[in-house]
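Per numbering that gives the first Met the number 0, the very first residue in the sequence shown carries number 0; after that it's consecutive.
Beta carbons are placed, not taken as given, at the ideal position from N, Cα and C, and that holds for glycine.
Okay, structure first, notes after.
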Amino acid sequence: MKKLIITLAFALAASVLCAQRFVAYVDSEYILSNIPEYNAAIEEIDDLSIKWQKEIEERFQEIDRLFQRFQAEAPLLSEDMRRRRENEIIEKEREAKDLQRRRFGAEGDLFRKRQEMLRPIQDRVYSSIEKVARAKNFEFVFDRADNAGLLYADTRRDISNDVLDDMGLKPRPNRGAIEVKPELQNTGQSGSNQNVNVRTR
Numbered sequence: 000m001k002k003l004i005i006t007l008a009f010a011l012a013a014s015v016l017c018a019q020r021f022v023a024y025v026d027s028e029y030i031l032s033n034i035p036e037y038n039a040a041i042e043e044i045d046d047l048s049i050k051w052q053k054e055i056e057e058r059f060q061e062i063d064r065l066f067q068r069f070q071a072e073a074p075l076l077s078e079d080m081r082r083r084r085e086n087e088i089i090e091k092e093r094e095a096k097d098l099q100r101r102r103f104g105a106e107g108d109l110f111r112k113r114q115e116m117l118r119p120i121q122d123r124v125y126s127s128i129e130k131v132a133r134a135k136n137f138e139f140v141f142d143r144a145d146n147a148g149l150l151y152a153d154t155r156r157d158i159s160n161d162v163l164d165d166m167g168l169k170p171r172p173n174r175g176a177i178e179v180k181p182e183l184q185n186t187g188q189s190g191s192n193q194n195v196n197v198r199t200r
């Protein structure tokens, strides 16, 4: 019986060690920050967002001016003229809100622009992660940038630079092992949100 328990213990330990050899991680934030096209795309998207936001703010400022002018002149206007001016303000406000929805809505222009510009880059990253993982016989690859549960990881398991190398980009030195941030120890909250998430196949 004792022999069986010892054998099972050794088998379990061996299986754990074996499983550990098949796990790696990447830092998608680090990888993306090293891709010039990604940084250029983010900059272009940000500029577009600022431009569209300014356009919308100008529309609402115009509506405020029209409303203030209407309030000042209302006592002097006929009933018909008051109705027309009110309708004009209401229509301009509706148009401004529609534009805001079209630009910044859940599937609006900004969302589609992000998809159009960032998705191909993210797909390239995913392909390289898969290629490197297969070449190194890793069965699971976690993302340290978006994994609140990853409290510590040995840098020897970090294949981020290998992924950059596979993409033809010059990697920087490893950043060091991951340790949980002190402010997250009690809250269990994640410190960042990322566009690239872990894929398993």
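Tell me which same chain residues have a C-beta within less than 6 Å of the C-beta of residue i, skipping the five on either side of it?
i: Y37; result: L31, I120
Given residue i, which residues of its chain have a CB within under 7 Å of its CB, disregarding the five upstream and five downstream residues?
i: I62; result: I88, K91, E92, A95
i: I34; result: I120, L168
i: G107; result: R100, R101
i: R123; result: M166
Run through DSSP, which three-state label would residue i get?
i: F69; result: helix
i: A23; result: strand
i: A152; result: strand
i: F137; result: coil
i: E178; result: Bear in mind that the predicted position of E178 carries a pLDDT of just 42, short of 50, making it unreliable; the figure below should be weighed with that in mind. Note: E178 maps to strand in three-state DSSP.
i: E92; result: helix
Given this structure, state the Cα-to-Cα distance separating residue i from residue j, to the nearest angstrom.
i: Q70; j: Q60; result: 15 Å
i: T6; j: E138; result: Confidence is the limiting factor: at T6 the pLDDT is only 42, short of 50, which leaves the residue's position unreliable, though a coordinate-based value still follows. When rounded, the distance between both Cα atoms is 26 Å.
i: R118; j: Y151; result: 29 Å
i: R156; j: Y125; result: 17 Å
i: P237; j: D161; result: No answer is possible for residue 237: the residues shown for the chain start at 0 and end at 200.
i: W51; j: D97; result: 13 Å
i: K135; j: E54; result: 51 Å
i: A73; j: D46; result: 40 Å
i: E57; j: R64; result: 11 Å
i: Y29; j: E115; result: 21 Å
i: R81; j: A105; result: 36 Å
i: T154; j: F21; result: 15 Å
i: E78; j: F103; result: 37 Å
i: N86; j: A39; result: 43 Å
Using a Cβ-Cβ cut-off of 8 Å (strictly less than) and excluding sequence neighbours within five positions of residue i, which residues of its own chain qualify?
i: K130; result: D165
i: I158; result: A23, Y24, V25, I128, V131, A132, K135, F137, V140
i: F66; result: I88
State the CB to CB distance for the pair residue i and residue j, rounded to an integer number of angstroms; the pair is presumed to be in contact (CB under 8 Å).
i: S27; j: A144; result: 5 Å
i: I44; j: K112; result: 6 Å
i: R84; j: L75; result: About 11 Å separates the two Cβ atoms, so there is no contact after all.
Out of the options, which one is the CA nearest neighbour of residue i?
i: I128; options: L163, F66, R81, K112; result: L163
i: F110; options: S48, E78, F21, S77; result: S48
Is any heavy atom of the ligand GDP found at a distance shorter than 7 Å from the C-beta of residue i?
i: T154; result: Looking at this structure, you won't find the ligand GDP or any other ligand, since it has none at all.
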